[in-house]
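Everything on this sheet refers to the single structure shown next.
Number of protein chains: 2
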Amino acid sequence: MLETTDAQADRSQITAPHRELLDEVLDKWSLQVLEELCEQPLRFNELRRAIPAVTQKSLTTTLRRLERNGMVERLVTSTRPVAVEYRITPLGTTLQDLIDALLGWTGANMAKVERARERFDAEA
Amino acid sequence: MLETTDAQADRSQITAPHRELLDEVLDKWSLQVLEELCEQPLRFNELRRAIPAVTQKSLTTTLRRLERNGMVERLVTSTRPVAVEYRITPLGTTLQDLIDALLGWTGANMAKVERARERFDAEA
DNA sequence: CGGAATCCTTTTCGATACTG
DNA sequence: CAGTATCGAAAAGGATTCCG
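So the sequence lines, in the order shown, correspond to chains A and B. Its first residue numbered 5, the first sequence is counted upward by one per residue in the working numbering. Its first residue numbered 5, the second sequence is counted upward by one per residue in the working numbering.
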């Protein structure tokens, strides 16, 4: 049978909200921010230093989105110059294994990918 | 000690090429294309129909990138109107478990994320 | 059928300046 | 310190037209 059963079909039946969530949580900067915060809570400028390539604007956007999605929480200490600490939430930690798996995958397959790229670029 | 050992540090020591690869392979359309091709080889217009929201331009770009990275292969049959079939490569299939895990994660946590969003939007 | 080429609109982005 | 506001440049995306 070529037709899938209902039980088989549900794997490809991913709804748009699910994909949008992955987009928000797995993008370039989110991934790096989550990596850092999984290790330890950090303040805004500590994150900037930990991820040198990120601009202040992008970091703000990324943190707001992660906060909105419940991945990180923002703790404000009302001292003289305010101190803002970002830390991973329990929900955020559920992503850690997946992120590790993704990074593990790149580590394991990067060489093959680069050879594929060379082949592709060569024939063009 | 706050300093990480060399052994601990390598988890966060992800190089830029690794992240770029994830960006190319996990983006919005790539994810859906890989899902489809993991199930069965498809032709260009079959993919368009399987992913109604994608434009011809975006699909072309996505397929070229996946092909360049060795995730899919492009098979041209020189019939009268050419037939082009796309199929997942062995390297591409190594991503399937990760994609399934990602989709599983969204399924398991989507409700929590939506509640987090409501809380966040409410206090704003 | 499977695109490439073009045009145009729309996000996105970095840089800069300013604020509590 | 931790942002917001603004502006211009750059990149991405959609619609349309054309081609082997």
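All C-beta atoms in this analysis are idealised placements derived from N, C-alpha and C, irrespective of residue type, glycine included.
With a threshold of 7 Å between beta carbons, is residue i in contact with chain A?
{"i": "B:R53", "result": "no"}
{"i": "B:T97", "result": "no"}
{"i": "B:V117", "result": "yes"}
Using the Cα positions of residue i and residue j, report the straight-line distance between them to the nearest angstrom.
{"i": "A:V37", "j": "A:V29", "result": "10 Å"}
{"i": "B:P45", "j": "B:I92", "result": "7 Å"}
{"i": "A:D104", "j": "B:T97", "result": "18 Å"}
{"i": "A:P21", "j": "A:V86", "result": "35 Å"}
{"i": "A:L26", "j": "B:N49", "result": "26 Å"}
{"i": "A:L107", "j": "B:I18", "result": "8 Å"}
{"i": "B:V58", "j": "B:W33", "result": "7 Å"}
{"i": "A:S82", "j": "B:E118", "result": "29 Å"}
{"i": "B:D125", "j": "A:S62", "result": "20 Å"}
{"i": "B:I55", "j": "A:A120", "result": "26 Å"}
Please classify residue i: is it buried, with 16 or more other beta-carbons within 10 angstroms of its beta-carbon, or exposed?
{"i": "B:E7", "result": "Because the pLDDT at B:E7 is just 41, under 50, the model does not fix this residue reliably, and the value given afterwards should be weighed accordingly. Classification of B:E7: exposed, given that the 10 Å Cβ count is below 16."}
{"i": "A:E39", "result": "buried"}
{"i": "B:R69", "result": "buried"}
{"i": "A:G111", "result": "exposed"}
{"i": "A:R53", "result": "exposed"}
Checking contacts by CB at 7 Å: is residue i closer than that to chain B?
{"i": "A:A126", "result": "no"}
{"i": "A:L102", "result": "yes"}
Starting from the beta carbon of residue i, find every residue of chain A whose beta carbon is closer than 9 Å, and list them in chain order.
{"i": "B:I18", "result": "L35, Q36, E39, L107, T110, G111"}
Given that residue i touches chain A, what residues does it touch there, using C-beta distances under 8 Å?
{"i": "B:K32", "result": "R23, D27"}
{"i": "B:R121", "result": "R72, N73, G74"}
If contact means a Cβ-Cβ distance below 7 Å, which residues of the stretch 65-78 of chain A contact chain B? Answer in chain order: E71, R72, N73, G74.
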